[in-house]
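Residues 1 to 915 in my numbering are what the sequence shown spells out, letter by letter. Backbone N, C-alpha and C define an ideal beta-carbon position, used for all residues, glycine too. Keep in mind the model is a prediction, meaning the values are calculated, not measured.
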Amino acid sequence: MVTGPVWPGDLEAPDATEPRALLWCATADPAWRPADAALAAADDVRVILPEGAAYGALRAWLEERGVPYRVSGYWEEAGQVGTVGDTGDRTELVAAGPDGAAPATGRWAAAARDAFAAQWDALEELPEDAVEAYVPVGSLVPDAWAAMLPHPSFNPVQAAAVPAVLEGTGHLVVVAPTGAGKTPIGMVAALEAHARGRKAAWLVPQRSLTDELDRELRLWRDRGLRVVRLTGEAAVDTELIRSADVWVATTEKFEAICRAGSLRDALAEVGCLVVDEIHLLGDPTRGAVLEALLARVRDDSAATRIVGLSATVANADEVADWLGARLVRTVWRPTRLTWQLPLLPPVDEADRTRRAAVRTEAAVRITRQVTGDGGSVLVFCGSKRGVRSTALALAADRGVPVTGVDADDAEEVERLCTKAGVRLHYRDWPYKREAEQAFRAREAEILVATSTVAAGVNLPARAVIVRDTTLGLDRVEVSMVQQMFGRAGRIGAGEREGWAFLLCDPAERAHWQARLAAGYTVRSRLDEHLPDHLLAETVQERLSTLEEAERWWAGTFAAYQGHDSVEPLHDAARFLALVGCLRPTADADRLEPSPLGRLTSRFMVDAAVADDMATALGQAPVPDDPLAAERALAFLLSTRLPVLEQAPFTERAKAALRRVLREAEDAETDDPWGIGPTEGPAPDGEQRPQAGDLARAVLLLAADRPRLFRGRPAYVLGIPVESMTGILEEARRYLAWLGAQGPLGTVHPWVAVVAADLALRIRWRALGPGRGAGRLLWMCERMATAPLAPRLVPRLWDAARARGINAPDWRGTTPPGDCVLTPDRYRALLAERATGARLTLDGDTARVWAPPGAVVRLWDGLTVTTHVADGEETTHLFPPADPADPSAGRRGAAVFTRGDRLAAGPFEAYTALRD
């Protein structure tokens with residue numbers, strides 16, 4: 001008898017006391033029969049077994065003895081939990097697994113009991129006709145709204161929640177299972193705000209969900225409502241936002257707008273904040289941003305109402321109490337959902353190949369059963385490679401020859417799998433849109449995907465198989481598993497049942513049984529990112545003293561859950577002051593953001609990562625040429641930013657990117673930045689791959705070979721361009737942050753000059769711009785304005801290049817044809833340029849003329865001096881270099897205006913594009 005593995009520290013232990021005489025059994029063996037003595041001694045007997053003729057004799061045997069049982073299609077589990085032994089003796093609560101697995105007692109047995117109870121309840125007989133539970137929309141909302149809702153009737157979840165939406169303007173949290181139809185509830189809340197003359201903002205966790213919701217609200221546009229979609233890659237049209245009735249935004253984009261401050265008046269007009277997936281308060285990546293945002297809005301409940309839509313969570317009452325919200329909770333869903341944990345055969349834990357094969361074999365077997373009955377299947381995998389290998393295995397099982405096929409050959413994998421009725425889906429899979437359409441149209445019976453389908457695309461199936469219990473290197477969150485399970489059940493196809501399977505190794509089955517039985521508990525993540533959010537509140541002028549910060553902290557979900565000590569807050573304030581994001585003030589309790597702090601918050605840069613980068617840059621010698629400088633920044637970003645350091649690639653992409661690195665290393669004659677190999681050569685003579693190497697190769701491609709990206713190709717060197725997008729966009733954000741620091745003096749001038757240029761080249765990589773194009777691209781952006789930039793910048797760029805213009809230094813004051821600025825604004829933009837600045841380096845001095853107010857920075861190695869131009873030509877001495885500085889003697893000068901810059905010396909190449 002064992003008590004099981006160590007109980008997870010983040011999971012509340014269930015009550016292991018059990019006064020009942022239980023005998024709860026699950027079987028997948030037609031010959032199984034419980035012991036007569038155990039049946040006689042138990043006062044609560046339950047059996048779950050598969051449906052089908054093979055189990056007819058077992059069902060008859062149970063009926064003869066009056067034993068309650070429930071049947072499920074595709075049932076695979078076997079085991080027993082109870083307090084009655086085979087001889088009829090009473091025991092403590094014991095859970096016995098299949099195939100002679102060691103029984104467990106204590107809290108693990110209690111978890112097995114609770115999991116069985118959940119499965120038993122899920123198999124309750126469906127009512128023959130539930131139409132009477134649906135309510136005509138016109139009976140609950142005004143007729144004018146009814147025409148703007150997707151269905152003529154409200155289902156039971158909607159019928160319970162809509163009256164609560166309309167009964168007042170207080171905060172509201174609606175909790176229902178995934179797939180229960182929470183979107184119409186959010187629609188009613190947004191329409192109610194519009195009826196009061198207020199705006200509505202609708203937040204969703206992922207960009208793909210903004211696409212889907214935007215499509216669903218197309219009818220609103222047809223009826224005159226102004227709906228604007230905001231996502232991370234979309235520029236902000238402030239006038240369009242101000243005039244809109246409804247905003248659809250990712251949480252991060254909405255927070256970025258809050259931090260920018262330019263739309264504070266429009267934000268004040270938001271009367272309702274609809275928060276889709278509000279349970280993501282506990283998400284390790286997004287939770288802290290959402291919590292800080294909700295804490296801010298909650299404090300002003302008279303102005304803005306929060307309507308949170310949540311999947312089923314264990315502590316929904318706690319979330320609602322924190323928000324001061326009314327809670328509407330239901331367990332209804334349109335289809336019955338049965339979940340189970342089929343046990344995989346034991347394999348050596350160190351044998352990753354065999355472990356993956358066992359999971360794939362189980363997924364293929366279950367899929368074969370479901371599709372054999374005419375059903376559709378969603379298979380979720382923890383990695384892109386897992387998606388491709390599983391899809392090929394399923395295609396092979398359906399008679400398509402795949403022997404010898406390269407799993408990294410996207411075209412061949414797509415061709416063969418499509419032939420077998422199997423489609424693939426993940427973020428950068430080039431055929432994902434076709435996969436969605438084929439699966440919706442039932443042209444494909446099987447869709448193999450990563451978690452993007454669970455979190456961002458509504459593609460239900462009869463059965464869901466979660467092949468992996470990890471996503472990359474991390475254990476998948478139970479909330480994500482529940483979302484995946486929620487895709488089971490195709491109500492639109494007239495089906496009323498769904499089946500979900502989580503494939504588990506023997507060692508992890510008890511763990512997952514416990515987590516699924518307990519459900520998802522929302523835990524605050526704010527303390528993990530406290531400096532960032534304290535800075536954001538300070539920048540938005542919502543607090544200016546430690547006392548106000550303490551009051552803010554006391555109102556967070558973190559404090560509500562018991563993390564109420566102010567020490568972490570004080571530590572965060574000290575850290576922000578130490579790294580220069582807060583100004584030193586005479587009053588030690590005053591919190592005043594510095595220009596660097598404002599910049600860091602506006603770019604939503606992680607303060608700890610920023611400090612790490614600043615430290616590395618401050619210690620690194622000055623490169624002696626642009627090539628070395630760009631290599632240095634690529635290395636820094638790829639090893640300091642987690643998104644880059646951990647970027648996944650196919651084996652084919654890895655091989656191509658390693659070739660890029662080898663070519664780059666061959667082109668370098670020395671190691672100007674002191675990077676060097678950190679490890680010795682591998683046994684075959686090649687350098688061992690290091691964390692961030694592949695992302696560094698992507699950045700080098702964008703910097704050195706921009707023509708490869710011209711025209712938005714689907715592949716570069718055989719690598720899907722979409723697989724590089726996340727790396728390039730994350731790098732661009734940090735590069736732009738570094739480039740904007742030129743006038744502040746918080747980074748070395750070479751960093752600001754090179755980073756600003758590279759950031760713009762990466763953003764507009766589809767134009768194929770080379771080194772030195774940044775200034776002209778900046779001018780094109782400003783002439784186009786942010787919302788029109790995607791359309792107009794390419795036209796302005798092409799027009800300039802056709803005229804031989806390689807920098808924004810023209811003399812005329814007439815705007816180009818595609819410039820949308822007024823004449824006054826265009827002249828103001830011309831005045832922001834560094835055009836006309838003169839930098840002449842002569843021995844130990846630099847002769848400088850720059851526009852009044854421009855910042856002039858001179859350096860000798862790491863030693864830098866700063867001057868402010870007064871419009872007169874001035875001669876400055878170079879600062880004395882530190883004798884210990886390996887880059888002493890590398891001199892240069894730079895002029896920084898509000899948005900432009902010019903350099904002399906080694907980085908003069910960034911002044912203009914060289915043909």
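{"Item": "Through-space distance from N458 to V275, alpha-carbon basis", "Value": "17 angstroms"}
{"Item": "With 16 other Cβ atoms within 10 Å as the buried cut-off, status of D283", "Value": "buried"}
{"Item": "Local Cβ density within 10 Å of K922, reported as buried at 16 or more and exposed below that", "Value": "Shown here, the chain extends from 1 to 915; a query on residue 922 therefore has no answer."}
{"Item": "Coarse secondary structure for P677, derived from DSSP in three states", "Value": "Summary for P677: the model assigns pLDDT 44, below 50, so the residue's position carries little reliability, and this model does not support an answer."}
{"Item": "Run of the beta strand (DSSP E) containing T91, from where it starts to where it stops", "Value": "R90 to A96"}
{"Item": "Beta-bridge partners of C504, as assigned by DSSP", "Value": "L343"}
{"Item": "Bounding residues of the alpha helix (DSSP H) (the contiguous stretch that carries H570)", "Value": "E567 to L578"}
{"Item": "Coil, strand or helix - E832 by DSSP", "Value": "helix"}
{"Item": "Neighbourhood of A634 by C-beta distance below 6 angstroms, restricted to the same chain and skipping five residues each side", "Value": "R696, L699 and L700"}
{"Item": "Environment of H425 [buried if 16+ CB atoms lie within 10 Å]", "Value": "buried"}
{"Item": "I465 - containing alpha helix (DSSP H), residue span", "Value": "I465 -> not in any alpha helix (DSSP H); beta strand (DSSP E) instead, spanning A463 to V466."}
{"Item": "Cutoff 7 angstroms; reference R827; Cβ partners in own chain excluding five residues on either side", "Value": "T813"}
{"Item": "C-alpha distance - A607 paired with E873, whole-angstrom precision", "Value": "39 angstroms"}
{"Item": "Residue environment, G372, which counts as buried when at least 16 other CB atoms sit within 10 Å", "Value": "exposed"}
{"Item": "Exposure label - K419; buried when at least 16 CB within 10 Å", "Value": "exposed"}
{"Item": "Exposed unless 16 or more other CB atoms sit within 10 angstroms - verdict on V331", "Value": "exposed"}
{"Item": "Residue range of the unbroken beta strand (DSSP E) whose run includes L877", "Value": "T874 to L877"}
{"Item": "Three-state class that DSSP yields for D15 in the structure shown", "Value": "coil"}
{"Item": "Cβ shell of T865 (< 6 angstroms), same chain only, five flanking positions each side left out", "Value": "L858 and P879"}
{"Item": "Residue of F557, G718, L591 and L877 minimising C-alpha distance to L322", "Value": "Looking at the sequence shown, residue 322 is not Leu but Trp. That would be F557, whose Cα lies nearest to the Cα of W322."}
{"Item": "Cutoff 8 angstroms; reference R223; Cβ partners in own chain excluding five residues on either side", "Value": "A147 and M148"}
{"Item": "Residues of its chain near T169, where Cβ-Cβ distance is below 6 angstroms and the 5 sequence neighbours each way are ignored", "Value": "R305"}
{"Item": "Cα-Cα separation, L394 to V94", "Value": "38 angstroms"}
{"Item": "DSSP three-state assignment for R326, whether helix, strand or coil", "Value": "strand"}
{"Item": "Residue environment, V111, which counts as buried when at least 16 other CB atoms sit within 10 Å", "Value": "Per the sequence shown, residue 111 should be read as Ala rather than Val. So A111 counts as buried."}
{"Item": "Option in L341, H876, A13 and A620 with minimal Cα separation from W499", "Value": "L341"}
{"Item": "Burial state of A586 (16 or more Cβ within 10 Å)", "Value": "exposed"}
{"Item": "Which of helix, strand or coil DSSP assigns to S72", "Value": "strand"}
{"Item": "Minimum length 4: unbroken alpha helix (DSSP H) runs contained in the segment 732-815", "Value": "749-763, 774-784 and 789-802"}
{"Item": "Short Cβ contact (8 angstroms threshold) for C272 with A164", "Value": "no"}
{"Item": "Endpoints, beta strand (DSSP E) assigned at S310", "Value": "R305 to S310"}
{"Item": "Status (buried if at least 16 other CB within 10 Å, exposed otherwise) for L309", "Value": "buried"}
{"Item": "Q206 - DSSP class collapsed to helix/strand/coil", "Value": "coil"}
{"Item": "Cα-Cα separation between A518 and Q482, rounded to whole angstroms", "Value": "12 angstroms"}
{"Item": "Contact check, L49 vs V67, beta carbons under 8 angstroms", "Value": "no"}
{"Item": "Closest residue to L708 among R365, W797 and L767 (Cα-Cα distance)", "Value": "L767"}
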